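Participant: Could you have a look at this structure, given as structure tokens, before my questions?
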Amino acid sequence: MIALGRSFLGATLVFLYLPILVMVAMAFNASPLYTLPIEPTFHWFGVLAENGPLLSATYNSLLIALATSIIATAVGTLASLALNRRSFRGQSLLKVLLLPPIAIPWLITGTAMLVFFFWTGIGRGLHAMLIGHVALAIPYVVLIVGTGMQALRAELEEAAMSLGSTPIHAFRAVTLPLLAPSIIAALLFAFAVSLDQFVVSYFLATPGVSTLPVEIYTSIRKGFTPEINAISAIFLGVSAVLVLIFAQLSNLGGNRDRR
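Okay, so the sequence shown: first residue is 1 according to the UniProt record's numbering, each after it adds one.
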């Protein structure tokens, strides 16, 4: 039974990662038709540097993802503090309302946002995509930071205040450092949610102004080009670096706790 479970796990990992490895390998293949054997080259990265629409969409994606991660992390962290440290009327309802945006299919969410933004006059464009991405990312931030807060002891902050610290100073000196790994995790997750978001971006994009997922989808409809492999390989490398950075930060937080 254990051998069967390991075999199933190995087959699942191969199924998930083999297409990614093939895509990365083809980004360095000289043939545009994906013929074998692979002839190593950086030609398609040079072609990518001259692909204006793809680079513009990449810039838009990074800009929106960065802004989304900062705004959603700030708002979500404050919301999580309010939900976990204060008692007020409607608190349970607010906690329940955090789940539907995560569970509702993004197709329905994107359609609803498109209708609502037109009804309110917000319209479509980068500003609308930013609002939509922030709205989608905040529930994840609240849940991640809230999970980290549940592991904290409120007595530590109270002890700091009993020794003369103000509530703000106690939060900055005690709670915030202990919450740092959760906040960083929430920030990276919000960045990933925004960067990967296709449906909402597709509904809210305007002609000539799109994000990378939308531009890749449009390019595939016209005909797949190796530049897509190149840009995907770059983003895969950047994502791996971010994961390693967060893993290192998490380890540092664990070592600090153990000391």
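Even glycine gets a Cβ: it sits at the ideal position worked out from N, Cα and C. On a predicted model such as this, the values are computed, not experimentally measured, just so you know.
1. Three-state secondary structure (DSSP) at Pro-207?
2. Between the segment 224 to 241 and the segment 28 to 46, are three or more C-beta pairs nearer than 8 Å?
3. Could you name the residues of the same chain whose beta carbon sits closer than 6 Å to that of Val-134, not counting the 5 residues immediately before and after it, in chain order?
4. For Val-243, count neighbouring C-beta atoms within 10 Å of its own C-beta (all shown protein chains included) and say buried if the count is 16 or more, exposed if not.
5. Ala-137 to Pro-37, Cα distance in whole Å?
6. Quick check on Pro-40: does DSSP put it in helix, strand or coil?
7. Per DSSP, what kind of secondary structure is Asn-84 in: helix, strand or coil?
8. Would you list the one or two residues that DSSP bridges to Asn-29?
9. Touch check for the segment 178 to 185 and the segment 49 to 69: three-plus C-beta pairs under 8 Å?
10. Just the Cα atoms here: how many angstroms apart are Trp-119 and Leu-236?
11. For the pair the segment 108 to 124 and the segment 192 to 206, tell me if three or more CB-CB distances fall below 8 Å.
12. So for Gln-197, helix, strand or coil by DSSP?
13. Rounded to whole angstroms, what's the CA-CA distance from Leu-93 to Leu-126? Just pull it up for me.
14. Just the Cα atoms here: how many angstroms apart are Thr-175 and Val-142?
15. Near Ile-20, which residues of its chain fall below 8 Å by C-beta distance, leaving aside the five closest residues on each side in sequence?
Facilitator: A quick look at the data gives this:
1. coil
2. yes
3. Thr-68, Ile-71 and Ala-72
4. exposed
5. 43 Å
6. strand
7. helix
8. Pro-40
9. no
10. 38 Å
11. yes
12. coil
13. 31 Å
14. 16 Å
15. Leu-236
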